[in-house]
Amino acid sequence: MLTVVAHPLIQHKLSLMRSVETGVKEFRELAAEVSMLLAYEAMRDLELSPTHLQTPLQEGEFPMLSGKKLALVAILRAGLVMTDGILSLVPAARVGHIGLYRDPLTLKPVAYYNKLPADIAERRVFLTDPMLATGGSAGAAIQFLKDAGAQTIKLMSILAAPEGVAVIEAEHPDVEIVVAAVDERLNDHGYIVPGLGDAGDRIYGTK
Ligand code: PRP
Ligand code: URA
């Protein structure tokens, strides 16, 4: 299932990220903010249980988070800035890392690192990568998470191409995708158009 979060604050911040005038510091801050706002939607179905507590005025049962604990898993590099933003909402979440880069010629993902929470099978997993382009990186990361035992996975991206959405929906129909926007298409180099450029380079000031 695909969820496009059309909230005005997200759309405004995404447009600022798209602008070529936006520098590294602002881009990084915007990416973290948009991710936090996307998480608000992606975590809409977290379980609540009535919990007994005392307000300054009286005792009562009040809803608090329960159920599976959370894991945020970043696809390196660019997914890191997203987990940083989301941690401001759920600071107790565990964080995993999957190192992948996209070969510029084949556009296939190349794995170079991974470290997941040991109890990943018992956690709800929110996988972060700002760009869902061909879907190769996200698809490989989801398969890696499933092989490690993860049962409940949501993919959070800032921007997607229709091609990448179609790949994830076909390969992993159980994984919900939460994005801020789906753009027109991929260009001949596998970049999302109109897009925002290379997310990792814009976050870290590399080229
Ligand atoms: C970018 C992006 C995604 C991937 C998306 O990473 O952050 O991980 O490309 O493309 P895909 O859907 O076609 O796989 P990149 O390979 O540039 O690595 P980086 O994050 O380290 O810059
Ligand atoms: N990776 C990016 O960072 N940007 C794109 O447009 C496609 C893949």
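Just so you know, we're using the UniProt record's numbering here: the sequence shown kicks off at 1 and counts up by one. Beta carbons are placed, not taken as given, at the ideal position from N, Cα and C, and that holds for glycine.
Contact test: residue i Cβ vs the ligand ADP heavy atom, cutoff 6 Å
i, result
"Y112", "Of the ligands this structure carries, namely the ligand PRP and the ligand URA, none is the ligand ADP."
Assigned secondary structure, residue i (DSSP; H/G/I helix, E/B strand, else coil)
i, result
"Y113", "strand"
"T128", "strand"
"M36", "helix"
"L2", "strand"
"Y191", "coil"
"G205", "coil"
"V95", "strand"
"R123", "strand"
"R28", "helix"
"D84", "helix"
"A118", "coil"
"L105", "coil"
"L145", "helix"
"E171", "helix"
"E21", "coil"
"G200", "helix"
"G135", "coil"
Beta-carbon spacing of residue i, residue j below 7 Å
i, j, result
"V81", "I203", "yes"
"Y112", "G96", "no"
"A140", "P109", "yes"
"V167", "G135", "yes"
"A161", "A133", "yes"
"L65", "L46", "yes"
"M17", "L37", "no"
"L159", "A138", "no"
"K68", "R123", "yes"
"A93", "L127", "no"
"E176", "M1", "yes"
"V125", "S157", "no"
"A199", "P130", "yes"
Residues sharing a beta bridge with residue i, DSSP
i, result
"Q151", "In DSSP, Q151 forms no bridge with anything."
"G164", "Beta-bridge pairing links G164 to no other residue."
"R185", "V193"
"F62", "T51"
"M156", "T128 and V178"
"L100", "A111"
Opening and closing residue of the beta strand (DSSP E) in which residue i lies
i, result
"T51", "L48 to Q54"
"G67", "Note, G67: premise wrong, no beta strand (DSSP E); not H, not E."
Delimiting residues of the alpha helix (DSSP H) encompassing residue i
i, result
"L14", "P8 to R18"
"A180", "No alpha helix (DSSP H) holds A180; the beta strand (DSSP E) holding it covers E176 to V182."
"R77", "No alpha helix (DSSP H) contains R77, which DSSP labels as neither H nor E."
* To do: Please list, in chain order, all residues with a C-beta atom less than 7 Å from at least one heavy atom of the ligand PRP.
  => Having a Cβ closer than 7 Å to some heavy atom of the ligand PRP are I75, L76, R77, A78, G79, L100, Y101, R102, L107, P109, D129, P130, M131, L132, A133, T134, G135, G136, S137, A138, G164, G190, D198, A199, G200 and D201.
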